[in-house]
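A short write-up of the structure that comes next.
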Amino acid sequence: MTPGTLSAQITDYANRADPYPLYAELRKQPVRREDDGTYLVSTYYEVRNLANDPRLSNDTRNRPPRYARTADAEDQGLPPSFIFTDPPVHDRLRDTINRPFGPPHSPSFLDGLRGELAKVVTELLDAFDGKDQVDIVEDFAYPLPVTAICKVLGVPREDEPRFHGWADALASSLDPRPGGGDGQEKGQRARQEMGAYLSDLIETKRRHPGPGMLSALAPDMTPADLEATAVLLLVAGHETTVNAITNTTLTLLRHPDVLERFQKEPDLAVPLIEEVLRFEPPVQFVPWTTALADIDVAGTTIPKGSPVWLMLAAANRDPKRFVDPDRFDPDRKDNEHLGFYTGIHYCFGAPLARIELHLAVPELFRRVTFSRLLEDPPPYRANAVLRGPRHLPVAIEGLTV
Amino acid sequence: MSADTDVEVLRREGRIVVVGASLAGLRAAETLREKGFTGSLTMIGDEPYEPYDRPPLSKQALLGRARPEDTTLPRRRDIDAEWSLGVAAESLDRDAKRVCLANGDTVPYDRLLITTGTRARPWIHPEEAALDGVFVLRTRDDSARLRRKLTGGVSRVLVIGAGFTGSEVASACRELGLEVTVAERGPAPLVGALGGVIGAVADRLQRRKGVDLRCGISVTALEGDYGGRLKRAHLSDGSAIDVDVAVVSLGAIRNTDWLAGSGLAAGPRGIACDAGCRVFDVNGIVTDDIYAAGDVARSPHPLFDYQFLSLEHWGNAVEQAEIAAHNMICAGPERRPHLWLPMFWSSQFGVNIKSVGVPPLGDQLVVAQGTLAEERFVAVYGYRGRVIAAASFDGAKWLGFYEQQIAAGALFPPDYRTVDLRTETLQPVDPAFPDPHLPTHGATVTLTGHSPSERRVQFVPSHG
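If you read the sequences in order, they're chains G and U. Sequential numbering from 1 applies to the first sequence in full-length UniProt numbering. Sequential numbering from 1 applies to the second sequence in full-length UniProt numbering.
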């Protein structure tokens with residue numbers, strides 16, 4: 001393999017369906033310097049340690065100007081959302097946002113959404129009736145997370161459809177090298193439209209509080225911070241969950257023995273979903289960290305100022321950490337995967353994602369009798385970071401109540 | 001018969017007795033079975049309950065968010081043990097290799113594991129300690145009794161000693177809306193474990209949360225009414241306060257009394273054992289059939305000059321128990337050392353406090369991330385130019401990094417840029433630990449000297 005080209009190959013769309021051989025290649029050199037001075041870290045312990053290392057920054061403004069910075073808020077005159085900040089700003093924002101979202105202040109907020117989300121799942125599956133072919137992405141995985149995020153934020157139901165389009169465009173702008181050349185432009189346009197919509201909504205919520213986080217947070221945050229946060233929650237909470245649901249379906253259909261067992265043992269859902277998060281993580285790598293100091297990792301010094309990519313999907317298949325890592329094994333006992341990252345930037349929405357997955361996946365496989373995948377591999381989205389199928393057409397034989 | 005066949009026979013049909021049926025005892029028993037021990041296993045515990053978890057007893061259980069009976073520890077696996085609960089071990093006969101119980105029974109062993117832990121240090125005056133309203137907090141029953149009292153209408157609670165347990169009790173009282181006075185002999189809360197610099201932060205935090213905190217003060221007497229109910233506490237500054245509850249939080253006493261006369265190196269500082277958890281006798285000779293783990297054990301640690309460490313930490317109990325269990329049923333070369341890096345956490349007044357390493361060994365301190373003023377920080381302790389410990393307020397996620405710095409013997413003070421670094425260069429200060437010879441509620445890590453085979457170590461009889 002030619003040196004210096006691995007990151008290009010990973011982002012190359014041709015390798016989207018199966019990037020795992022590239023990750024295996026990467027792991028041969030746990031800390032790898034690319035020609036442009038970017039460092040790729042791909043082995044489990046090194047990724048985990050760096051994600052918890054205070055010498056690594058999530059604020060791309062710490063990069064020398066010659067390197068790419070995130071396409072996040074900056075251009076829109078908004079502050080960076082908390083995923084692209086470091087403490088103390090990060091901690092202050094995240095603490096504030098967590099208050100209406102989770103324990104200790106709001107331990108039952110997410111649980112309270114279960115009923116409505118379960119209803120969405122039921123309606124989506126009811127619509128499968130009479131069909132012999134469905135697209136798991138369009139017909140099932142896609143609508144649920146948008147509804148979930150809208151409920152979390154308190155977006156009125158009638159405005160939900162508008163969020164679908166914005167979410168899609170914004171997600172692709174997180175990609176370091178988007179497939180389509182107009183990805184960034186589309187992302188910015190969506191961002192502007194959504195920003196205008198959200199700032200109106202925030203202003204409305206400030207005057208007439210209702211359910212959801214926007215109302216709860218409006219008194220404690222500047223409109224700009226709140227808007228940046230809402231956009232982040234949508235982007236990070238939407239595409240990732242779609243991919244997680246789709247990846248789970250795809251993986252199960254590729255492993256009929258596990259599928260058969262799952263239909264008899266619904267309790268398998270917990271380890272099975274965690275194993276999918278290891279095996280096909282919805283966020284494949286984190287390309288936006290920067291070294292604040294020289295950092296020695298596995299015998300290599302990452303110089304201060306270097307962009308660092310933490311390759312979660314590669315780490316999740318590190319044979320030094322996981323026995324037989326390329327095997328999908330829902331019986332895996334020791335499964336501390338990095339699917340939700342680790343450290344202070346551990347996925348904020350992980351508890352919501354798990355609720356959505358546990359509402360969607362068991363019900364899908366309980367009610368639907370699958371026949372087969374109609375395309376394997378399915379067509380993928382351009383995004384290498386938030387990697388997942390664009391469509392997942394499957395043949396189905398029946399639907400139970 | 002070779003030692004190897006001995007081990008094989010032991011694993012197959014040996015008799016292993018675990019004295020102390022709490023966290024360490026349970027995890028050891030599970031490890032024994034997991035590693036293929038098929039002989040007989042006896043669990044002896046002086047409390048009538050199956051092993052339960054203690055950290056919630058001073059937190060969620062006091063607040064009523066968990067019932068004390070819900071603290072039963074989850075089982076990792078079936079351990080197929082003979083349980084002897086509610087009966088204390090009374091003595092150890094090493095010649096006959098048997099444990100004598102309070103009810104007169106004797107239990108023979110081939111391998112013995114001692115995990116008897118600690119008990120709460122009672123109030124110094126027994127007749128005052130017997131007053132209705134005077135509590136200690138260590139067991140499930142203690143927690144249930146205290147909770148009943150706190151929710152039954154009290155005017156003011158006195159917490160004696162501002163170590164971790166005392167501070168957590170004070171925090172729970174404030175959360176329950178109760179008036180609370182904390183009397184601490186030292187200059188600040190948590191001073192024994194984290195030093196005066198961090199203690200000052202805890203001091204400010206407690207006061208801001210409405211605690212009537214009195215440092216440099218000791219309680220001289222607890223006074224009851226004619227009905228034997230606590231009504232007043234007298235303090236060393238000559239003042240008195242009306243209280244109807246006093247929670248005595250003066251640290252722990254190691255449960256080694258029952259080993260008096262056994263010839264084991266067991267005393268008030270715990271039971272000395274080697275890195276493989278094998279217990280020493282008073283001559284500094286290691287036994288090969290008796291092991292210790294958890295709060296009651298103390299063992300040498302290479303990262304801390306091979307000083308003997310005694311740790312009252314949850315995680316240590318788990319890991320040491322696993323190592324002890326492994327070593328009990330292994331031949332020499334397969335044995336493993338217990339090299340756990342001390343780590344503990346506390347949650348009080350809405351703040352998560354966590355520490356790694358041995359802060360009291362530190363001779364210097366820097367605030368590496370965050371600031372003391374914001375009560376959100378990571379403080380790093382240095383000892384002779386090396387990182388020896390770190391403590392955080394609401395910064396626990398960073399401590400894994402500092403743990404590695406300690407293990408690597410990294411240079412102190414740190415000279416690299418990190419996130420949330422508030423000063424250009426870090427100026428080390430004295431962490432302000434009190435003189436270790438002064439009595440206090442104590443640190444959660446106790447340095448108990450070097451090897452017992454050294455002449456300068458003396459063992460004090462448990463009851464003089």
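For glycine and all other residues, C-beta sits at the position ideal for the given N, C-alpha and C. Bear in mind the structure is a predicted one, so any value in this text is a computation, not a measurement.
- Per DSSP, the beta bridge partners of C215(U) are E184(U).
- Under the DSSP assignment, A120(U) falls in the beta strand (DSSP E) whose first and last residues are T118 to A120.
- When the alpha-carbon of P319(G) is set against those of L214(G), T300(G), S42(G) and R16(G), the nearest one is in S42(G).
- L62(U) and C273(U) have their C-alpha atoms roughly 35 Å apart.
- With a beta-carbon spacing of about 7 Å, G270(U) and T256(U) fall inside the 8 Å limit used to define contacts.
- Contact of T5(U) with chain G is not assigned, every C-beta pair being separated by 8 Å or more.
- Excluding its 5 nearest sequence neighbours in each direction, H345(G) has C-beta neighbours in its own chain below 7 Å: N58 and I83, listed in chain order.
- With 16 or more other CB atoms across the displayed protein chains lying within 10 angstroms of its CB, L158(U) is buried.
- Annotated three-state conformation of M221(G) is coil, per DSSP.
- For G343(G), the neighbours in chain U by C-beta distance under 7 Å run, in chain order, K397.
- For M43(U), there is no enclosing alpha helix (DSSP H); the residue is part of the beta strand (DSSP E) that begins and ends at S40 to G45.
- Closer than 8 Å to the CB of R335(U) there is not a single CB belonging to chain G.
- DSSP places G382(U) inside the beta strand (DSSP E), whose first and last residues are R376 to Y383.
- Under the three-state reduction of DSSP output, H234(U) falls in the strand class.
- For the stretch 403–423 of chain U, residues whose beta-carbon sits nearer than 9 Å to a beta-carbon of chain G comprise Q404, D415, Y416, R417, T418, V419, D420, L421 and R422.
- Residue contact check for D267(G) against chain U: no CB pair falls below 8 Å.
- Spanning the alpha carbons of L131(U) and D203(U) requires a straight line of approximately 29 Å.
- Within the model, the alpha-carbon separation for F348(G) versus P107(G) is close to 14 Å.
- For R376(U), the closest Cβ of chain G is nearer than 8 Å.
- Uninterrupted beta strand (DSSP E) stretches at least 3 residues long and entirely within the stretch 215–297 of chain U occur at 219–224, 230–235, 240–242, 245–248, 252–254, 270–272, 278–280 and 286–292, given in chain order.
- Taken through DSSP and simplified to helix, strand or coil, I355(G) comes out as helix.
- At a Cβ-Cβ threshold of 8 Å, A325(U) and L23(U) do not count as neighbours.
- The three-state reading of DSSP puts P393(G) in strand, counting E and B together.
- By the rule that beta-carbons nearer than 8 Å mark a contact, F401(U) touches chain G.
- By a beta-carbon distance limit of 8 Å, N316(G) contacts R278(G). Their separation comes to about 5 Å.
- Annotation: the continuous beta strand (DSSP E) that includes F135(U) extends over V134 to V136.
- Rounded to the nearest whole angstrom, the C-alpha separation of P187(U) and P48(U) is 39 Å.
- Between R185(U) and S218(U), the C-beta gap is smaller than 8 Å, which places the two residues in contact.
- A contact is defined here as three or more CB-CB pairs under 8 Å, and the stretch 62–79 of chain U meets this definition with respect to the stretch 138–157 of chain U.
- Straight through space, the alpha carbons of D78(U) and L78(G) are spaced by roughly 56 Å.
- With respect to the 8 Å criterion, R114(G) and I355(G) are classified as neighbours on the basis of their beta carbons.
- Residue pairing for G398(G): DSSP places it in a beta bridge opposite T369(G).
- Under the Cβ criterion (8 Å, minimum of three pairs), the stretch 419–429 of chain U counts as touching the stretch 86–99 of chain G.
- Under DSSP, the beta-bridge partners assigned to A389(U) are G357(U) and Y381(U).
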